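Reading through the structure tokens given below for one structure.
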Amino acid sequence: MPPMAPGKASLLQELPASVLPEHLPFEFNHISTPPTRCVPLFYQPQGAASQRTYSESHFLLLAVLTIEVIIYTTSKLTTAFVSKADSTGFLSLLNIPRTHASPLQSVSTTFLSLLTTQRIRPGIPLAISLFARAQAQYIFPNSVANPSKHVSTDRELVRWWCRVLDPILQSHTPEKPKSEGLFHEEKDAQPENEPATTAQAYLLVPGEETITTYVPVASRARWKHGHPLRSITPYPAAPPRCQVPHFPDDPKARFLDELDEELMNTGTSNQSVPCKRGKGAWRSVKTLEHFWEAMAFRQECSSGNLVGFIWVMLTPPGANNGKSEGNTGDFQSTIADSQDSIFGILHKREGQLMLGTDISPPLSPPHKTILKTPPEHSSNVKSSKYPKKQPRTSRKLTGPISVRQPKMKSATSTSPGSSLAEQTRYYLWPTSSRGEIVLDDKNYHRATDIILHLDFGGRDLAAMSTTKWTTEVGLLRGICDHGKNWGWTVVGTKAAVVPVASTHPAPSGAVNVLGVKRKGKAPITPKPSQEGVTNVLGAGLVPKLQENEPLPEQAAPRVNVLGPELAREKPKV
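Now the structure itself:
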């Protein structure tokens, strides 16, 4: 197995065993990219500098599950965006007891918890964001042809993702309510012995007025109906266009692109760039509330479809919640970065022009020297700057012809991002949560595109497609052994929960049915017989007659017949 990175091994190889069913093996494959400079998530307002943003992609493949997470980092915010997740539907072949928790949910929670907890930086909040929309298949092609695959409905999917993120929410301290008054501020200002990271969850379903039917019952108090966009945007005073993040394959991003057509022209020459047109304010949508109201009428959120936008905010101790200070700091840091890069380029160019001399002002006037060129070489000064190339003479090759073996990347070749620092002011890249194979951005997208051209419609097809994908990804990294030398197997250690039987046995012949209360009839007690009084049994005490048993003799019923003088003839119509 090639080294993932110098130093520690991945924690992902140890954590899933405690959440997987006992004695069942699962194959894992994890690839990722190093932090790479990317386009900012938030549009900057006119006249402001853009944020310096890095992205880091993670792709986890399980035999029955695939999930992709993209982590965006700046100097003031970390965002973990769940891009895609899909299942093959072959989990039913493992015959997991119903009393055991779903491995799909447990692995998703463990994977997200590992990535986020490893990337919490002191004083910098972290946001987990995802968009839940039900679809037959996202990643595994033709997996919908598998009859055992359960395609969740819109409401089921939103509830499922809330259950996935709820353990992460419960593992952190609840967010404290904002204090009011001087007394409360002084009380809150007292230092705590062990400051902890707080967590708050948000859920927004366009068109729904409540979220109580989606979030877990035990933690409803920690879920808010709304969004945290105003607290994570670097431009809180800007128009709503600059307060909504622009994620890939996200309905909010598509709506932003359509609304950008409404930006007013200011007569500038560069009208192709949206931030150069007007002040970044749309004509139809003026506030964030109006933006979400318009989202409810979008085709992706209406016409019988229900979607959910979910966030979990993790706030470490010392995080600056002041929007004005954070905004100013972002502007100053971004401008300083731009100035540093410009000064570096100028210094490089000036150093080339001055032949590496120091550009700082000297303490004393330099000694002026004049270089005189001999007269006989004065005509050749210009030509010596660009010497003529000597004509290449071809020689006749002789001797035996030796075949050269093609050069392939070995497993010990330099890993992408090996020269990057593990921690900077813009990102945190711990070795313990990197992918087993680290690819550059180009090869990563090539690896994710390969799986989209495979077939997971049957059990054998899925097995062959998985082997082909691991082989192709191994070749991208220089592993030429049909994908057998990377990936790892985890054997579950979590035992199924056995329901506890009652310690008080029921009496023989009696059956106790819990939760069902039947309304029985009151017993009928016959009254003691008296002379001249006939005792008549009630309807509940009359015995049933056996089959072929003759009926008891009864008196013939009396029939009243009218005489001819009382009969009336019906008139003809």
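Per this note's numbering, the sequence shown starts with residue -12, numbered consecutively. Even glycine gets a Cβ: it sits at the ideal position worked out from N, Cα and C. If you're wondering where the values come from, they're calculated on a predicted model, not measured in any experiment.
Check, Outcome
"Boundaries (first-last residue) of the beta strand (DSSP E) holding Val478", "Trp475 to Val478"
"Given Leu113 as reference, the closest of Leu91, Leu78, His159 and Trp147 once Cα atoms are compared", "His159"
"Coarse secondary structure for Trp239, derived from DSSP in three states", "Note on residue identity: the sequence assigns Lys, not Trp, to residue 239. In this structure, Lys239 counts as helix in the three-state DSSP scheme."
"Between the CA atoms of Ser19 and Tyr41 - distance to the nearest angstrom", "14 Å"
"Simplified DSSP assignment, three categories, for Tyr431", "helix"
"Minimum C-alpha distance to Tyr414 - residue among Phe15, Gln0, Pro22 and His17", "Pro22"
"Assigned exposure category for Val151 - 16 Cβ within 10 Å defines buried", "buried"
"Residue closest to Thr411, alpha-carbon to alpha-carbon, out of Thr75, Gln122 and Arg106", "Arg106"
"Cut-off 7 Å between Cβ atoms - residues of its own chain near Asn129, not counting five sequence neighbours on either side", "Asp442, Phe443 and Gly444"
"Any 3 or more C-beta pairs closer than 8 Å across the segment 425 to 435 and the segment 450 to 470", "yes"
"Exposure label - Val390; buried when at least 16 CB within 10 Å", "exposed"
"Range covered by the alpha helix (DSSP H) that runs through Val69", "Looking at the DSSP string, Val69 is not in any alpha helix (DSSP H); the run it does join, the beta strand (DSSP E), is Thr65 to Ser74."
"Identified DSSP bridge partners for Tyr30", "For Tyr30, which the question treats as bridged, DSSP gives no partner whatsoever."
"Contact check, Trp148 vs Ala119, beta carbons under 8 Å", "yes"
"Residue from Val69, Pro182, Ser93 and Phe98 whose Cα sits closest to the Cα of His17", "Phe98"
"Coarse secondary structure for Glu14, derived from DSSP in three states", "strand"
"Other residues of its chain near Glu143: CB distance less than 8 Å, five sequence neighbours each side excluded", "Ala121"
"Classification of Gly305 by the beta-carbon crowding that lies within 10 angstroms, buried from 16 upward", "exposed"
"C-beta atoms of Arg446 and Phe15 nearer than 8 Å", "no"
"Residue range of the unbroken beta strand (DSSP E) whose run includes Ile58", "Leu52 to Thr60"
"Simplified DSSP state of Gln187, which is helix, strand or coil", "strand"
"Expected contact under 8 Å - CB spacing of Leu(-2) and Gly479 to nearest Å", "Actually they are not in contact, since the Cβ atoms of Leu(-2) and Gly479 sit about 17 Å apart, beyond 8 Å."
"Residue from Ile466, Ala35, Pro84 and Ala50 whose Cα sits closest to the Cα of Met451", "Ala50"
"Helix, strand or coil at Phe443 according to DSSP, with G and I counted as helix", "coil"
"Where Lys273 falls: helix, strand or coil (DSSP)", "coil"
"Secondary structure of Gln105, DSSP reduced to three states", "coil"
"Neighbour-count burial assignment, Arg464, 16 or more Cβ in a 10 Å radius", "buried"
"Start-end ranges of the alpha helix (DSSP H) lying completely within the segment 133 to 162, minimum 4 residues", "141 to 157"
"Closest by C-alpha distance to Ala268, when choosing among Ser95, Ala224, Ser93 and Phe234", "Ala224"
"Within 8 Å, strictly: CB atoms of Ala72 and Leu102", "no"
"Whole-number beta carbon distance between Ala483 and Thr86, since they are thought to touch under 8 Å", "5 Å"
"Short Cβ contact (8 Å threshold) for Ile57 with Ser37", "no"
"Which listed residue (Asn292, Ser62 and Gln286) has its alpha carbon closest to that of Arg39", "Ser62"
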